[in-house]
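Line by line, the protein sequences give chains X, W, G and V.
Whatever position you read off the first sequence (first residue = 1), add 13 for our numbering.
Whatever position you read off the second sequence (first residue = 1), add 13 for our numbering.
Whatever position you read off the third sequence (first residue = 1), add 13 for our numbering.
Whatever position you read off the fourth sequence (first residue = 1), add 13 for our numbering.
Protein chains: 4
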Amino acid sequence: MQTPVPDYLKHVLSQCQRNVGGQLADYIPELAQADPNKLALALSTADGMIYSSGDDGHEFTIQSMSKPFAYALVLEQLGIEEVLQKVGVEPSGEAFNQISLDKELNIPKNPMINSGAITTHSLIQTTAGISRAEQLRRFLSELAGRELSFDEQVYTSEMKTAFRNLSIGYMLRTVGALDTDPVEIVNGYIQQCAIKVTVKDLANIARVLANGGLHPKTGECLLDRAVVRQVLSVMLSCGMYDAAGDWLTTVGIPAKSGVSGGIIGVLPGQVGIAVFSPRVDEHGNSVRGIDIFERLSADMGLHLMEGTPSAQTIIQSCYWAGKNDDVRVYELRGVLQFTESEMLLRNLQEEPPGDTTIVLDLTNLTLIHDVGARMLFEGVERLQQDGHRVVVVDSEGILSEAQMKGNKRVVVKEKLTKYLEKFQ
Amino acid sequence: MQTPVPDYLKHVLSQCQRNVGGQLADYIPELAQADPNKLALALSTADGMIYSSGDDGHEFTIQSMSKPFAYALVLEQLGIEEVLQKVGVEPSGEAFNQISLDKELNIPKNPMINSGAITTHSLIQTTAGISRAEQLRRFLSELAGRELSFDEQVYTSEMKTAFRNLSIGYMLRTVGALDTDPVEIVNGYIQQCAIKVTVKDLANIARVLANGGLHPKTGECLLDRAVVRQVLSVMLSCGMYDAAGDWLTTVGIPAKSGVSGGIIGVLPGQVGIAVFSPRVDEHGNSVRGIDIFERLSADMGLHLMEGTPSAQTIIQSCYWAGKNDDVRVYELRGVLQFTESEMLLRNLQEEPPGDTTIVLDLTNLTLIHDVGARMLFEGVERLQQDGHRVVVVDSEGILSEAQMKGNKRVVVKEKLTKYLEKFQ
Amino acid sequence: MQTPVPDYLKHVLSQCQRNVGGQLADYIPELAQADPNKLALALSTADGMIYSSGDDGHEFTIQSMSKPFAYALVLEQLGIEEVLQKVGVEPSGEAFNQISLDKELNIPKNPMINSGAITTHSLIQTTAGISRAEQLRRFLSELAGRELSFDEQVYTSEMKTAFRNLSIGYMLRTVGALDTDPVEIVNGYIQQCAIKVTVKDLANIARVLANGGLHPKTGECLLDRAVVRQVLSVMLSCGMYDAAGDWLTTVGIPAKSGVSGGIIGVLPGQVGIAVFSPRVDEHGNSVRGIDIFERLSADMGLHLMEGTPSAQTIIQSCYWAGKNDDVRVYELRGVLQFTESEMLLRNLQEEPPGDTTIVLDLTNLTLIHDVGARMLFEGVERLQQDGHRVVVVDSEGILSEAQMKGNKRVVVKEKLTKYLEKFQ
Amino acid sequence: MQTPVPDYLKHVLSQCQRNVGGQLADYIPELAQADPNKLALALSTADGMIYSSGDDGHEFTIQSMSKPFAYALVLEQLGIEEVLQKVGVEPSGEAFNQISLDKELNIPKNPMINSGAITTHSLIQTTAGISRAEQLRRFLSELAGRELSFDEQVYTSEMKTAFRNLSIGYMLRTVGALDTDPVEIVNGYIQQCAIKVTVKDLANIARVLANGGLHPKTGECLLDRAVVRQVLSVMLSCGMYDAAGDWLTTVGIPAKSGVSGGIIGVLPGQVGIAVFSPRVDEHGNSVRGIDIFERLSADMGLHLMEGTPSAQTIIQSCYWAGKNDDVRVYELRGVLQFTESEMLLRNLQEEPPGDTTIVLDLTNLTLIHDVGARMLFEGVERLQQDGHRVVVVDSEGILSEAQMKGNKRVVVKEKLTKYLEKFQ
């Protein structure tokens, strides 16, 4: 059989096709020349699957959708605390092109409005000869998994009418939020906005965030978990401009739109979503794009508040093994965070005191968080106090050195079947 | 062994004990007489476990923590659309005691500020002889699982100095947001705020939201899923007043505070949390309460953006059964939403065309959402088109009539083992 | 002949009759029942002449036009400094019915918006058994020169729907701007607004301000000069609500409107003006009333910035008298303030040193300000130093004791002709 | 004798010398190097006298005090209506360096804030080869009565750090308030601000406004009366930035400050005032300058609301002339506006019907406004209807052709004495 997911995406696109509201953004000639009928949707899962439909090979400029990733890059480079000194995290309640400085701190309210994005751009650290925009292009290429390029025509055209961004740049210079030539920074910022992407690129980028910063296939850590949390939080509260409350209730997906007609969304732990349709509303958000997001949220339950309880599935199986059926085995599966650990410990609580050998098998875990490791070993210790012999089987090496610290002696690196042989 | 979770809670409390910032709220004498050293924390899991620590039996008035539940009640009674005509969902960017009317619609910006909460109170539907406050008390008692009562002294005292709320009430009357006597409504609202609760009550109430509106033990539907989504979304964007962006990044838990010193939080699908410590900051938020939430979020990864991928655990096991090992069995586990269904279908895709009997066992699912059911049966149909014979085993009756519609003939209600016997 | 001034007024009224814009105020039934075609205009001169035209005997409620006079009354009773602690003088930039508190001081921004007017009403000092509204009625009756009365029907009707004012009252109580029962104060304020007046009453009241607080005929001091200055300044910057700059440029007359359709205006030193036409614009200002004021300003040059230089006319005549034509006489006329004194002294400067007898005749002065008296006597002293004998003739007693202090010996109280006889 | 006015000025200066509040403006190096102890005051009368004290020869840059005069220049060049399409007249309620655009019209709120001043600068009409700043320099030189020059050092220095003005310029370009290169306009605006003046220059400039736009000595019309009215109105409501209401009540003089430490003020019909002291407060207003203005207002009654009634002095004398004492002569004096005309007509009303020859002598009038001429000839006509023969003696040619239109036959251009000879 063929999974019907691609058909779902097609169906959603066909439903939105009737929606012809909105206008092509016209503040730069290149955007006004876009084909208004282009329509594309891509959806990627946290574990690396990607579906797409419509004009999924069509390239467009990333525009404001670059903002969360420039923010992610500087958070990685400078750390959250240092960046918070320069750009806030509060919704501005104003249109995206307002200056919106925090009154007390004199810093832009958040990195999703232009003043915050220009300041963020200025914070990108580069090595000699590499521009900030190029640095970001490389970073996005890594997340997208292919080499992205700049749309020089859009970039050149936009620089000619970048009055508002120049105004914002000079104001940032005035208040000290920028300490270098505003024209150069605005120039770089506009180049950043001219990186070309497809919906598939965006969905690939989004799934890195959906997957907690890890490469969905290699497992390589591309972004620190805390950075992902920060970026997604700011996307949620500041990403869709004015009507944050409306977006949160009706869609409930951290997202960011670009005036070229794209919207990129991330449902943590689940999916990355990207849409493209160039007709935008008065806020600069793609009209069909919003429509699509609303349908995905309503029809597919893709909403942040539709929390999926994963705790109940943490114990894959529990059985007696060994020649005498006297070895107690717990096979775990999924991700071990607080709620899963709590469930695990609650089950371990049922073990009566005694001198049983208890085996906790981590082989099928996809991830173990620090809190999960802490709670796991706390449970191990308590079982030991009850008289048991406890062994943690980590054949895949999912535990980090730091997580094992002080508990190495209970961890074995063999496969479970291999380990259990000794009890035969 | 004993689960270490209670010890974690105790540890968190002890760390916060050093924090003596904030002041007792003094705008009504009763609050000013609270014991400033009282401190309590309760945590409940979506599946019905509850942990608590500190002064967990101490009763205090619910105050503004009643707001999300009055909102939930009227959403249930009138439907989301009708309530949206009366009270918005946008953050106000202003202090809780401002009037904050939406300029175009002349309705309160959201139900978490006083003007919105007073309007919400006025929308509570009651039967003759039952006051709105009493109606809410009964509703909260049901969620909490015990009969709650009013603190008459606080209520009477607060009425005497309710100048600001009376001012707000009259302004709402002026703009038409209220159409009845403001004094009566404000009176009722203040009584609503005087319902007495403990942190355990609050944690019990919170877990109904965490569990998607279902009673965590009986599975009874106490709140519509859409209502839960709406309430949690509004708590997230408007619950902690001014610094919504800061709360979202550093805590990331939909929450609501009360000036008496409590904070109630909900992490959807995972936990309900309630804290109590009566010293509040200038926004009326419990100082230690915020401290506790920050620690829980940072130390335990309890943050909305720490999404747990549950998709990978949806297939509990997959094996060949039957005398001839020619019956293909998929045992599912957990909750079947979009991402889990996508994963299931991706696996089913691997089945080569043929005339195999394929059994999908739902027995261990805790919940199947509509989108999950739709995708399941879509997969069934496609497998049939490939020539397979497909059977859905639903021995627990987890599928609703509506979900099964048109597919009843593939569903069997027997236990899996019983059903498989026919292939022996 | 007959002065054409009444014909001018009639002409202005007839021109405005074509203007049928605006609506009857409908927030209380009584105002909505007004005859929309009523139209009246009165103009009074600082020296006591009054002209009127149209429905000049028609009574209407004073409404917000009571605000500057309640302010004047409390300024008289408490002093400017004390009142400034309670009500500011800054334009609010908001509609009249907003609360508009100064953010730092938590006091209403000015006495012309409702919050400021309600606070001002609460400051009226009365003796036992006399209500604040009655105290103001007596004060206005004195200024108007006839006994005014309350419109009980309007007052009773307005109290029933005074939701906004009650809201404002409770908010003022909350922030401490009121320290007594808001219902009682709002009640009194609404009664204050129900005092009945005609345009002639208003013009009579206005000319007291135009005349520096003096009764235009008896010369009795009804209002302190500093109070007049304060009241007129506040009327200018805050009297016509939102578009203060537009009013100032196109009309340039300190004024206050009432929702009943009246506008009262004062051009200091020149005229008092009152108009009535009950159709009001969205700001609650009489549409025809504004039209009339604009015509009076444009056509008759009645604009604050059309300053009339009076300095050049201060010396009525200057001549030699006495048998030997050796007594130098300066007859003064008009009002002696700084600019006139400067002109006088500039002329006296021309007197060569010598032992001439110099007579300064104040008989035809209408007023001598303190600064005028100071400069006059300073000039006297300098002439004496030059060797002259100087005499100030004050047959009408225009100099106060305080003004003469230390210079009594140069002042004679005889008539000039009588005094000059001794030189014959 | 010597007029004591200079001593008064000296006295005021010496009182302010104790006031050492404020700081040198430091946003450009040149201003920060000013001598903080410099102190100067000049006062000019509407008829051309000038007094000055302190460092009255010290030159400083005009800065924001150029704003009202650039506004006056473009009002003259384009007319009030056209300029109102580009720059409003409403107080902004914001600091001078905010952009403050009118929300509906997208134009700067007024010409006294930087955005309005930059837009105003762009409106200056010039001929080829003359920059806008040079055009204004010539205009100000004419008003000041001497050739002013630019401070090139200040200008060059300020251009280097003109970030805020560049930001404002680009924003104006964005919203279409500017339609040319913002850098060029801001450049010109900063040059305009670098015109060097002394307090005497400023007082000379101010008195042209005080004198209704006429050269105080030659009587030449340098500025249209309507323009003067407009400029003074805007100075009053927007000139001293934030605390317009406070300035109006406590000082009551239309004024404009510059960050270099000067303040220029105009009391229409009376005096021009200029002060200089470089220490400024947080609003950029000279601390001692404000102090001086408050003292002049309080001590000398120089306040807009201290209106001087000039009506009573319009009739210089009234007597019977001619051989038979049957020619009735009215000698008028001062300025003939509405209130003076009303007084004159009121007196003419006393003339009984008959065939008397009535002579109205305008020789001593300094000015006759259009409304005055209209009312005068209306009175003439009514006297004629009563049977009188009326002659208007205008030996100085004060009546314009337009004012005489239709009434030429009653006007004689001889001197009064010459004219009266025919009745001897």
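C-beta atoms are modelled at their ideal positions from N, C-alpha and C, and glycine is treated no differently.
{"query": "At least 3 beta-carbon pairs within less than 8 Å: the stretch 87-94 of chain X vs the stretch 157-164 of chain X", "result": "no"}
{"query": "Proximity to W/Q90 [Cα-Cα], best of W/E364, W/V284, W/D237", "result": "W/D237"}
{"query": "Own chain partners of X/R186 with C-beta closer than 6 Å, once the 5 adjacent residues on each side are dropped", "result": "P195"}
{"query": "The stretch 267-282 of chain X / the stretch 297-315 of chain W touching (three or more Cβ pairs under 8 Å)", "result": "no"}
{"query": "Classification of V/N337 by the beta-carbon crowding that lies within 10 angstroms, buried from 16 upward", "result": "exposed"}
{"query": "Near-chain G residues of the stretch 246-258 of chain V (beta-carbon distance less than 8 Å), N- to C-terminal order", "result": "S246, V247, L249, S250, C251, A256, A257, G258"}
{"query": "Contacts around G/L179, its chain only, beta-carbon distance under 6 Å, and the 5 residues preceding and following it disregarded", "result": "V199"}
{"query": "Cβ-Cβ separation, V/P17 to G/M388 (assumed contact under 8 Å), whole Å", "result": "7 Å"}
{"query": "Own chain residues within Cβ distance below 6 Å of W/L280, not counting five before or after", "result": "I266, L315"}
{"query": "Counted within 10 angstroms of its Cβ, other Cβ atoms place G/T231 as buried (16 or more) or exposed", "result": "exposed"}
{"query": "Rounded distance between the beta-carbons of X/A83 and X/I137, thought under 8 Å", "result": "7 Å"}
{"query": "8 Å Cβ cutoff, X/H316 in contact with chain W", "result": "yes"}
{"query": "Rounded distance between the beta-carbons of W/L358 and W/V406, thought under 8 Å", "result": "In fact, because the Cβ distance is near 18 Å, the residues do not count as touching under 8 Å."}
{"query": "Whether G/G275 touches G/L215 by CB criterion (8 Å)", "result": "yes"}
{"query": "Exposed unless 16 or more other CB atoms sit within 10 angstroms - verdict on G/W333", "result": "exposed"}
{"query": "G/T211, buried or exposed, once every other Cβ within 10 Å from all chains shown has been counted against 16", "result": "buried"}
{"query": "Proximity to X/G225 [Cα-Cα], best of X/G285, X/T169, X/A190, X/G297", "result": "X/G285"}
{"query": "Inter-residue Cα distance where the pair is X/S57 and W/M356", "result": "12 Å"}
{"query": "Coil, strand or helix - V/T74 by DSSP", "result": "strand"}
{"query": "Distance between G/L345 and G/I328 (C-alpha atoms, nearest Å)", "result": "5 Å"}
{"query": "Beta carbon of X/I75 nearer than 8 Å to that of X/I208", "result": "yes"}
{"query": "The stretch 148-162 of chain W touching the stretch 21-41 of chain W, judged by at least three CB pairs closer than 8 Å", "result": "no"}
{"query": "Cutoff 8 Å: W/S154 Cβ touching any chain X Cβ", "result": "no"}
{"query": "is_contact[V/L44, chain X] using C-beta, thresh 8 Å", "result": "no"}
{"query": "Paired residues, beta bridge with W/K209 - DSSP", "result": "W/T74"}
{"query": "Inter-residue Cα distance where the pair is G/V403 and V/S66", "result": "29 Å"}
{"query": "Rounded C-alpha distance that separates G/E197 from W/L52", "result": "44 Å"}
{"query": "Assigned secondary structure, W/N337 (DSSP; H/G/I helix, E/B strand, else coil)", "result": "coil"}
{"query": "Residue range of the alpha helix (DSSP H) that includes V/L54", "result": "No alpha helix (DSSP H) holds V/L54; the beta strand (DSSP E) holding it covers 53-58."}
{"query": "Residues that DSSP places opposite V/V372 in a beta bridge", "result": "V/V342, V/V404"}
{"query": "Separation of W/E391 from W/A415, as counted between CA atoms", "result": "15 Å"}
{"query": "For W/N298, the three-state DSSP class (helix, strand or coil)", "result": "coil"}
{"query": "Straight-line gap, V/I411 to G/L412 (C-alpha atoms, nearest Å)", "result": "37 Å"}
{"query": "Status (buried if at least 16 other CB within 10 Å, exposed otherwise) for G/G142", "result": "exposed"}
{"query": "Same chain only: Cβ atoms within 7 Å of V/L153, ignoring 5 sequence neighbours per side", "result": "F82, L161, I208, I218"}
{"query": "Bridge partner(s) assigned by DSSP for V/K275", "result": "First, the residue type needs correcting, since residue 275 of chain V is Gly and not Lys in the sequence shown. DSSP lists V/F289 as partners of V/G275."}
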